[in-house]
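Q:
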Amino acid sequence: MLAAHIDEIGLMITSILDGGFLKFTSVGGINAASLVAQDVTIFGKENIFGVIGIKPPHLTSDEERKKPIKIEDLFIDTGYSKEYLEKIVSIGDVAVIKREPISLCGSVMSAKALDDRACVAVMIETAKELKKISHKSNIYYTATAQEETGCRGSKTAGYKIDPDIAIVLDVDFGMTPDMPPDTASLGKGPIVAIGGRLNPKLTKKFIDVCKEYNYKIQYEAVPAATGTDTESLQIIREGIPCILLSIPLRYMHTSVETIDIEDVKNTGKAIARFINEIDNSDLEEILCF
Numbered sequence: 123m124l125a126a127h128i129d130e131i132g133l134m135i136t137s138i139l140d141g142g143f144l145k146f147t148s149v150g151g152i153n154a155a156s157l158v159a160q161d162v163t164i165f166g167k168e169n170i171f172g173v174i175g176i177k178p179p180h181l182t183s184d185e186e187r188k189k190p191i192k193i194e195d196l197f198i199d200t201g202y203s204k205e206y207l208e209k210i211v212s213i214g215d216v217a218v219i220k221r222e223p224i225s226l227c228g229s230v231m232s233a234k235a236l237d238d239r240a241c242v243a244v245m246i247e248t249a250k251e252l253k254k255i256s257h258k259s260n261i262y263y264t265a266t267a268q269e270e271t272g273c274r275g276s277k278t279a280g281y282k283i284d285p286d287i288a289i290v291l292d293v294d295f296g297m298t299p300d301m302p303p304d305t306a307s308l309g310k311g312p313i314v315a316i317g318g319r320l321n322p323k324l325t326k327k328f329i330d331v332c333k334e335y336n337y338k339i340q341y342e343a344v345p346a347a348t349g350t351d352t353e354s355l356q357i358i359r360e361g362i363p364c365i366l367l368s369i370p371l372r373y374m375h376t377s378v379e380t381i382d383i384e385d386v387k388n389t390g391k392a393i394a395r396f397i398n399e400i401d402n403s404d405l406e407e408i409l410c411f
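Next comes the structure, spelled out in structure tokens:
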């Protein structure tokens with residue numbers, strides 16, 4: 123089972139105000155500062171566009187400027203009247219940032235929701251590569267739901283599929299000038315997680331395959347929770363042996379998440395080769411402690 127979540131962080135409407143303004147709360151982890159001056163799409167009975175503004179600096183006191191922005195202080199401006207909005211927007215409707223993907227230098231790109239749709243692309247690259255090489259395994263490409271709010275989709279999918287092993291695909295922090303020096307870099311391959319919740323022999327097998335076929339990889343020590351679908355898959359039924367591979371990504375949980383497409387392609391190729399090698403190995407021996 124390959125698992126990558128397809129849900130994204132977003133907003134949920136909580137009230138409709140006079141003048142056509144909408145109050146909202148977050149769905150998933152969002153830094154309120156990243157919402158300021160964004161375009162949004164509200165999914166009501168029909169799609170409504172709006173903007174999230176902020177008080178002009180001319181009217182903001184020094185004391186206000188020192189305070190962090192809170193979601194409860196923000197609102198969506200639609201330009202419609204309250205009476206009209208009440209006909210097409212309901213409490214509980216969701217909204218997302220409206221942004222088109224853009225290409226940066228070379229193979230680097232930026233878009234919203236690359237966490238974790240970049241890894242859905244990894245699964246597609248894996249499938250393409252497996253068409254070129256032999257494999258005996260039955261493979262389930264699983265786009266899971268509700269990862270951002272508690273890894274719920276992977277629980278039901280993992281229970282139904284009941285795989286022998288699971289390869290969990292997600293994103294991890296990418297290097298920028300304000301990040302710790304040991305942060306992974308874009309363009310240097312997937313990040314292999316090593317920790318108590320990941321099967322050590324299966325992880326070692328993936329690392330050995332990457333070394334044998336010269337696929338670049340990076341490493342991350344994960345002593346406790348991974349914050350990914352691994353949390354549920356590891357304990358479904360009798361427990362599914364998992365490895366966790368992550369694509370380096372800058373500006374996580376914003377509308378300008380940034381990745382290197384080469385990391386996506388090379389991760390797909392490495393996984394396909396790993397599956398081929400597993401087919402030709404004694405899986406019981408690999409999984410046995």
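If you read the sequence shown in this note's numbering, its first letter stands for residue 123, the second for the next number, and so on. In this text, a Cβ means the ideal position worked out from N, Cα and C, and glycines have one as well.
(1) Verify whether the separation of the beta carbon atoms of leucine 144 and isoleucine 198 is less than 7 angstroms.
(2) Hey, out of Pro345, Arg187 and Val242, whose CA is closest to proline 178's CA?
(3) Return the Cβ separation of isoleucine 313 and aspartate 294 in integer angstroms, given the expectation that the two are a contact with Cβ distance under 8 angstroms.
(4) Identify the continuous alpha helix (DSSP H) that holds isoleucine 408 and give its terminal residues.
(5) In three-state DSSP terms, what is alanine 279?
(6) For leucine 69, collect the residues of the same chain with a Cβ closer than 7 angstroms to its Cβ; drop the 5 residues on either side in sequence, then sort them by chain order.
(7) Under a CB-based cut-off of 7 angstroms, is glutamate 222 close to chain E?
(8) How close, in whole Å, do the beta carbons of isoleucine 365 and leucine 308 come, if the pair is a contact with beta carbons under 8 angstroms?
(9) Just how far apart, CA to CA, sit glycine 214 and asparagine 169?
(10) At the level of alpha carbons, what is the spacing between aspartate 304 and proline 370?
(11) Would cysteine 273 pass as a contact of serine 354 if the rule is Cβ separation under 7 angstroms?
(12) How long is the line joining the alpha carbons of glutamine 160 and phenylalanine 171, rounded to whole angstroms?
A: On the basis of the coordinates in this document:
(1) As a first step, residue 144 must be located in the sequence shown, where it is residue number 22. As a first step, residue 198 must be located in the sequence shown, where it is residue number 76. Contact flag set, yes.
(2) Along the sequence shown, one-based indexing puts residue 178 at 56. Comparing C-alpha distances from proline 178 to each of Pro345, Arg187 and Val242 shows the shortest one belongs to Arg187.
(3) As a working note, residue 313 is residue 191 in the sequence shown. As a working note, residue 294 is residue 172 in the sequence shown. Going by Cβ atoms, the distance from isoleucine 313 to aspartate 294 rounds to 5 angstroms, so yes, they are a contact pair.
(4) Sequence index remark: in the sequence shown, residue 408 carries index 286 (1-based). Where isoleucine 408 is concerned, the enclosing alpha helix (DSSP H) stretches over 405 to 409.
(5) Start at 1 with the first residue of the sequence shown, and residue 279 comes out as number 157. For alanine 279, the three-state secondary structure derived from DSSP is helix.
(6) Residue 69 is absent from the model: the chain starts at 123 and stops at 411.
(7) Absent from the structure is chain E; it holds one protein chain and no more.
(8) In the sequence shown, counting from the first residue as 1, residue 365 sits at position 243. In the sequence shown, counting from the first residue as 1, residue 308 sits at position 186. Contact between isoleucine 365 and leucine 308 fails: their C-beta atoms lie close to 21 angstroms from each other, not under 8 angstroms.
(9) Taking the sequence shown and counting its residues from 1, the one referred to as residue 214 is at position 92. Taking the sequence shown and counting its residues from 1, the one referred to as residue 169 is at position 47. Approximately 14 angstroms, taken between the alpha carbons.
(10) For this step, residue 304 is matched to residue 182 along the sequence shown. For this step, residue 370 is matched to residue 248 along the sequence shown. So the two alpha carbons sit approximately 12 angstroms from each other.
(11) Mapped onto the sequence shown, residue 273 falls at position 151. Mapped onto the sequence shown, residue 354 falls at position 232. At a Cβ-Cβ threshold of 7 angstroms, cysteine 273 and serine 354 count as neighbours.
(12) In the sequence shown, the residue the question calls residue 160 occupies position 38. In the sequence shown, the residue the question calls residue 171 occupies position 49. Each residue's Cα considered, the two are about 11 angstroms apart.
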